[in-house]
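Each residue of the sequence shown is one higher than the one before, counting from 100 in the working numbering. Think of the CB as a built atom: it goes at the ideal place given N, C-alpha and C, for glycine as much as any other residue. See structure below.
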Amino acid sequence: MIQPLAYIHPQAKIAGNVVIEPFVTIDKDVVIGEGTWIGPNVSIMNGARIGKNCRIFPGAVISGIPQDLKFAGEDTTVEIGDNTTIRECVTINRGTKDRWKTVVGNNCLIMAYCHIGHDCIVGNNCIFSNNTTLAGHVTIDDYVVLAGMVAIHQFCHVGSHAFVTGGSLVRKDVPPYVKAAREPLSYVGINSVGLRRRGYSSEQINEIQDIYRTIFIKKHNFTKALDIIEAESQPTEIRDEILDFIRNSNRGIMKGFGNQ
């Protein structure tokens, strides 16, 4: 159902059962999948690729041009997966020639007034609370929860299943499975509540705790801590994910509390 007061460019590709409310603007190079609802006063600009069964609430602007002075008008996209909800006044900018796209995965909840900058890659099943802001080139892995008013510096990486508390300034990478808080941002434990909700066993949670105790609590430098973990623990998917994340960090990871 398309309301007569909406503007849809004739070359936009809209699935047959999409609902488009009044005063929506949809530009030429746009694709919207089945079952999606577009609320009043939403602007969907060139380059948007929106999946199935999404909900986009009033005032959102999807695929606006990057807020990057280096942007030269190249053809780039915003790609939003299936079953994702985008609340009021969210802004998601399309990519630049760095990554050529900005991505938000499946089953995400992006709450009101969030901003996702150009060339960000957001995984599946993420929750961003109100007023969270991602600068350009940020990578967010699956099942990340960012509480309200979190601000993430450009090029940062947040690992899977991490939880960042409200009002935090993220200037360094946040490894998988952790809780991050305080100023400057610090390790304050692992996200055990979230892990239990997602089916992680007590043995897996204990393994994660032991790894991060060596990294953050025992006062080793990171190189020494990783060597100890490799020497003293059996290889597992979880262990290797954490070690690879830290070794491949471009900005460096946040510190343990008291080790700033």
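Buried or exposed: where does residue i fall if 16 or more other Cβ atoms within 10 Å of its Cβ makes it buried?
| i | result |
| --- | --- |
| M353 | buried |
| Q359 | Low local confidence applies: a pLDDT of 48 at Q359 is under 50, so the model's placement there is unreliable, with the coordinate-based value given in what follows. Label assigned to Q359: exposed. |
| T335 | exposed |
| P114 | Correcting the residue identity first, residue 114 is Ala in this sequence and not Pro. Exposed, by the Cβ-count rule. |
| D272 | buried |
| T322 | exposed |
| V221 | buried |
| P109 | exposed |
| G298 | exposed |
| V249 | buried |
| L268 | exposed |
| P384 | This structure cannot settle anything about residue 384, because the visible part of the chain is limited to 100 through 359. |
Per DSSP, what are the beta-bridge partners of residue i in this structure?
| i | result |
| --- | --- |
| G355 | Y286 |
| A250 | T232, L268 |
| K127 | Answer is none; K127 lacks a bridge partner. |
| F227 | I209, L245 |
| K97 | The structure shown does not extend to residue 97, since the chain spans only 100 to 359, so no value can be given for it. |
| T238 | I220, H256 |
| I314 | Bridge partners of I314: none, in fact. |
| V273 | V257 |
| F262 | V244, K278 |
Going by C-alpha to C-alpha distance, which of the options sits closest to residue i?
| i | options | result |
| --- | --- | --- |
| K381 | D218, R295, T184, N290 | Summary: the structure shown does not reach residue 381, with the chain confined to residues 100 through 359, and so no result is reported for it. |
| L104 | S301, V123, A114 | V123 |
| N229 | V237, H214, S162 | H214 |
| I125 | K200, G288, I101, A324 | I101 |
| N349 | D339, E306, Q253, I289 | Q253 |
| V244 | A234, A280, G235, H236 | A280 |
| I161 | R338, K151, D197, T201 | T201 |
| N290 | K278, A159, E282 | K278 |
| D309 | R338, A246, I155 | R338 |
If I follow the unbroken beta strand (DSSP E) through residue i, where does it start and stop?
| i | result |
| --- | --- |
| T201 | 200-203 |
| K278 | 277-280 |
Could you pull the start and end residues of the alpha helix (DSSP H) that residue i belongs to?
| i | result |
| --- | --- |
| Q303 | 301-311 |
| I344 | Checking the sequence, you will find Phe at residue 344 rather than Ile. It spans 336-346 - the alpha helix (DSSP H) in which F344 sits, taken as one unbroken run. |
| I381 | Summary: the structure shown does not reach residue 381, with the chain confined to residues 100 through 359, and so no result is reported for it. |
| L104 | L104 -> no alpha helix (DSSP H), and no H or E assigned at all. |
| G293 | 291-296 |
I want to check one thing, is the minimum distance from the CB of residue i to the heavy atoms of the ligand MN below 8 Å?
| i | result |
| --- | --- |
| L284 | In the structure on display, the ligand MN does not appear, and there are no ligands present to speak of. |
Inset, instruction - Go through the segment 142-196 residue by residue and report every complete run of the beta strand (DSSP E) that reaches 3 residues or more, in order. - result: 147-149, 160-163, 176-179, 190-192
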